[in-house]
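Novice: Chains as they are written, first to last, in the working numbering: chain A, 56 to 334; chain B, 56 to 334.
Please see the structure below; I have some questions.
2 protein chains.
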Amino acid sequence: MDMSPHTALSAADALALRYGAEHAPAHGPWNEHIALLLSHRSIRGYRPDALPEGTLETLIAAAQSAATSSNLQTWSVIAVTDAEKKAQLAKLANNQKHIEQCPLFLVWLADISRNQRLAEQEGVELEVMPYQETFLVAAIDAALAAQNAVVAAEALGLSTVYIGALRNQPQEVAKVVGLPPGTFGVFGMCVGYASPAAANEVKPRLPQSVVVHREVYGANNEREQRAAYDHLMAAFSQRNEMSTDTWTKRVIGRMGKIAAMSGRHKLVEALQAMGFPLK
Amino acid sequence: MDMSPHTALSAADALALRYGAEHAPAHGPWNEHIALLLSHRSIRGYRPDALPEGTLETLIAAAQSAATSSNLQTWSVIAVTDAEKKAQLAKLANNQKHIEQCPLFLVWLADISRNQRLAEQEGVELEVMPYQETFLVAAIDAALAAQNAVVAAEALGLSTVYIGALRNQPQEVAKVVGLPPGTFGVFGMCVGYASPAAANEVKPRLPQSVVVHREVYGANNEREQRAAYDHLMAAFSQRNEMSTDTWTKRVIGRMGKIAAMSGRHKLVEALQAMGFPLK
Numbered sequence: 056m057d058m059s060p061h062t063a064l065s066a067a068d069a070l071a072l073r074y075g076a077e078h079a080p081a082h083g084p085w086n087e088h089i090a091l092l093l094s095h096r097s098i099r100g101y102r103p104d105a106l107p108e109g110t111l112e113t114l115i116a117a118a119q120s121a122a123t124s125s126n127l128q129t130w131s132v133i134a135v136t137d138a139e140k141k142a143q144l145a146k147l148a149n150n151q152k153h154i155e156q157c158p159l160f161l162v163w164l165a166d167i168s169r170n171q172r173l174a175e176q177e178g179v180e181l182e183v184m185p186y187q188e189t190f191l192v193a194a195i196d197a198a199l200a201a202q203n204a205v206v207a208a209e210a211l212g213l214s215t216v217y218i219g220a221l222r223n224q225p226q227e228v229a230k231v232v233g234l235p236p237g238t239f240g241v242f243g244m245c246v247g248y249a250s251p252a253a254a255n256e257v258k259p260r261l262p263q264s265v266v267v268h269r270e271v272y273g274a275n276n277e278r279e280q281r282a283a284y285d286h287l288m289a290a291f292s293q294r295n296e297m298s299t300d301t302w303t304k305r306v307i308g309r310m311g312k313i314a315a316m317s318g319r320h321k322l323v324e325a326l327q328a329m330g331f332p333l334k
Numbered sequence: 056m057d058m059s060p061h062t063a064l065s066a067a068d069a070l071a072l073r074y075g076a077e078h079a080p081a082h083g084p085w086n087e088h089i090a091l092l093l094s095h096r097s098i099r100g101y102r103p104d105a106l107p108e109g110t111l112e113t114l115i116a117a118a119q120s121a122a123t124s125s126n127l128q129t130w131s132v133i134a135v136t137d138a139e140k141k142a143q144l145a146k147l148a149n150n151q152k153h154i155e156q157c158p159l160f161l162v163w164l165a166d167i168s169r170n171q172r173l174a175e176q177e178g179v180e181l182e183v184m185p186y187q188e189t190f191l192v193a194a195i196d197a198a199l200a201a202q203n204a205v206v207a208a209e210a211l212g213l214s215t216v217y218i219g220a221l222r223n224q225p226q227e228v229a230k231v232v233g234l235p236p237g238t239f240g241v242f243g244m245c246v247g248y249a250s251p252a253a254a255n256e257v258k259p260r261l262p263q264s265v266v267v268h269r270e271v272y273g274a275n276n277e278r279e280q281r282a283a284y285d286h287l288m289a290a291f292s293q294r295n296e297m298s299t300d301t302w303t304k305r306v307i308g309r310m311g312k313i314a315a316m317s318g319r320h321k322l323v324e325a326l327q328a329m330g331f332p333l334k
């Protein structure tokens, strides 16, 4: 299976891969940057090959070029290459083997500790610190930065996958990478060269009409559109994952029972213990 | 001032703009996609010119191509072009005039209501719904999607700016765009052609050594690096904003007093009223 980013694909072909030919929107402006974005696939298997020198610096420069709320820059990232640490983190994240395989594992942090140190050094109090809003800003800052890193990685022929399971046991993760109070691993990210066995197709998404609302929110025809998407996803699953699950079945499987949260129902407790009171 | 995306810049020039020549990291792999990401600038003034036909569809296709946790797709977006609605939203977001100016204003939503409707239609309960984790996943999903839209917009010669002030009065915003329970405007985004008067330079960021940690978190030399960055930002402010504020002064100004939150200290209360119990 071809693992190169499909930057040579036409708009029509790329949109058909992302939405299914029947549900693809009429295509508008297009160029090779858009084609790169459309070609994204999360990859869960890596070759052990090292990254070219300077790759981390390039990914971080892209990440830091993303917008950050009021230029507060309330995020950081830990670059983990140590095999023992990667094994520990893999174990804490539902034993995901690709965390051990990838040459670079990034732990993206909501980080208000840096600005807190600034305040201590300057002898001032930052009243905004203990609020939910401040945690949210930090988590969003980390997400915007991380997504730019994903785009940069794929532009360089590398693959990635976000690891939300890093939130299963956040305080244990904090011990592995030595996090101070006021920092929290929002998610992890594998970076490396995809192994041929991990190849997969571009995953179809819900039709645009379900996700985009004009002027006001609307859910007309949502049920019919979901049925069509269920059909598309069942076929995708059969081709790529040897199952025939619909999207509806996947959502219920993932959101139906607390057990599927793998510990993340205790997130508030963990965050409060880690320096985010969430007032 | 040249407002085109600096995709023709060399790595050395682009990194010098982003970090200051003295603090730029050694450069690694580079291509036109990376140059596009490095060229990002938030723009707060727009020409009234309409966007080419199909632009929204292209931006959304890019947004939907971003990763989404477990493919749950817990985000939506409202595309606002109506002048009256844009004026109302501008007023709710600290009177930011660029919300009125831009031809397209996007309200990015954390949206668990769609999967809740799915559950009701299927006659099942989704136990995961009321948790902080589920809100966080939805907010991160929205952020990853939005950042891909930013990259796509800039690839098309358009400019953008995130509007965090959309969280100042989230329940009033919800009324303007008709949001159902289980949806929340995480941030807004202006999209359009930059007006020449809104031109500005690439904004410098903290040195990489402050933001990236190797294997474990560290804050060595952070204070010295901050002093250097303060110097860089004071010069940037003088050239672009007619002030000479350091970064340190900006952080204290933005985080020092609750009043600077413009209502966002009540975010928990608002979210709970909007269908996110944050358990």
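We put the beta carbon where it would ideally sit given N, CA and C, even for glycine.
(1) Considering just the uninterrupted stretch of the beta strand (DSSP E) at residue 244/A, what are its terminal residues?
(2) Apart from the five residues just before and just after residue 99/A, which ones in its own chain have a Cβ nearer than 7 Å to its Cβ?
(3) Under the assumption that residue 246/A contacts residue 282/A (Cβ atoms under 8 Å), give the Cβ distance between them as a whole number of angstroms.
(4) So what does DSSP say about residue 232/A, is it helix, strand or coil?
(5) Buried or exposed: which applies to residue 328/B, given that a residue is buried once 16 or more other Cβ atoms fall within 10 Å of its Cβ?
(6) DSSP three-state call for residue 294/A: helix, strand or coil?
(7) Beta-carbon within less than 7 Å of residue 187/B's beta-carbon, same chain only, minus the 5 sequence neighbours each way: which residues are those?
(8) Does DSSP classify residue 190/B as helix, strand or coil?
(9) Grab me the residues of residue 302/A's own chain with a C-beta within less than 6 Å of its C-beta, minus the 5 sequence neighbours each way, in chain order.
(10) Under 7 Å between the Cβ atoms of residue 242/B and residue 163/B?
(11) Hey, how far is the Cα of residue 110/B from the Cα of residue 157/A?
(12) Roughly how many angstroms lie between the CA atoms of residue 126/B and residue 265/A, to the nearest whole one?
(13) Give a single yes or no on whether residue 83/B has its beta carbon closer than 6 Å to a heavy atom of the ligand FAD.
(14) Give the DSSP-derived three-state secondary structure of residue 314/B in the structure shown.
(15) If residue 13/B and residue 83/A are in contact, beta carbons under 8 Å, what's the gap, nearest whole angstrom?
(16) Using DSSP bridges, identify the partner residues of residue 114/A.
(17) Identify the continuous alpha helix (DSSP H) that holds residue 271/B and give its terminal residues.
(18) Hey, out of 72/B, 131/B and 180/B, whose CA is closest to residue 24/A's CA?
(19) Restricting to Cα atoms, I'd like to know which of 250/A, 197/A, 313/A and 316/A is closest to residue 115/A.
(20) Starting from residue 166/B, trace the beta strand (DSSP E) both ways and give me its first and last residue.
(21) Residue 138/A lies in the alpha helix (DSSP H); which residues open and close that run?
(22) Thinking C-alpha only, which one of 120/A, 105/A, 261/A and 81/A is nearest residue 108/B?
(23) Are the C-beta of residue 284/B and some C-beta of chain A separated by less than 7 Å?
(24) My understanding is that residue 89/B touches residue 117/A, with C-beta atoms under 8 Å, so please give their C-beta distance in whole angstroms.
(25) Consider the Cβ of residue 179/A: report whether some Cβ of chain B lies at a distance smaller than 7 Å.
(26) As a quick exercise: from 155/A, 316/A, 77/A and 120/A, pick the residue whose alpha carbon is nearest that of residue 263/B.
(27) Looking at C-alpha atoms only, which residue of 182/B, 131/B, 144/B and 95/B is the closest neighbour of residue 313/A?
(28) With a threshold of 7 Å on Cβ separation, who are the neighbours of residue 95/B within its own chain once the five nearest residues in sequence on each side are excluded?
(29) With DSSP as the reference, please indicate the residues paired to residue 101/A in a beta bridge.
(30) Check whether the Cβ of residue 80/A lies closer than 7 Å to any Cβ atom in chain B.
(31) Between residue 280/B and chain A, is there a C-beta pair that is closer than 7 Å?
(32) Using the three-state DSSP reduction, which class does residue 306/A fall into: helix, strand or coil?
(33) Using Cβ-Cβ distances below 7 Å, what residues of the region 116-129 of chain B are close to chain A?
(34) Please list, in chain order, the residues of the region 259-280 of chain B that have any C-beta partner in chain A closer than 9 Å.
Specialist: Reading off the structure:
(1) 238-247
(2) 153, 216 and 253
(3) Wrong, their Cβ atoms sit about 37 Å apart, outside the cutoff.
(4) coil
(5) Taking every protein chain shown into account, the CB of residue 328/B has fewer than 16 other CB atoms within 10 angstroms, so this residue is exposed.
(6) helix
(7) 333 and 334
(8) helix
(9) 284, 285 and 288
(10) yes
(11) The straight-line gap from Cα to Cα measures roughly 36 Å.
(12) 15 Å
(13) This structure does not include the ligand FAD; it has no bound ligands of any sort.
(14) The answer is helix: DSSP assigns residue 314/B an H, G or I state.
(15) Lying before the first or after the last residue shown, residue 13/B is absent from chain B, which here runs from 56 to 334.
(16) According to DSSP, which records beta bridges pairwise, residue 114/A is partnered with nothing at all.
(17) Segment: none, residue 271/B is in no alpha helix (DSSP H) and carries neither H nor E.
(18) Outside the modelled stretch of chain A, which goes from 56 to 334, sits residue 24/A, for which no answer is possible.
(19) 197/A
(20) 159-166
(21) Bounds of the alpha helix (DSSP H) holding residue 138/A are 138-147.
(22) 81/A
(23) no
(24) 6 Å
(25) yes
(26) 120/A
(27) 182/B
(28) 209
(29) 249/A
(30) yes
(31) no
(32) In the structure shown, residue 306/A falls within a helical segment according to DSSP collapsed to helix, strand and coil.
(33) 116, 117, 119, 120, 121, 122, 124, 125, 126, 127 and 128
(34) 260, 261, 263, 265, 266, 267, 268, 269, 270, 271, 272, 273, 274, 277 and 278
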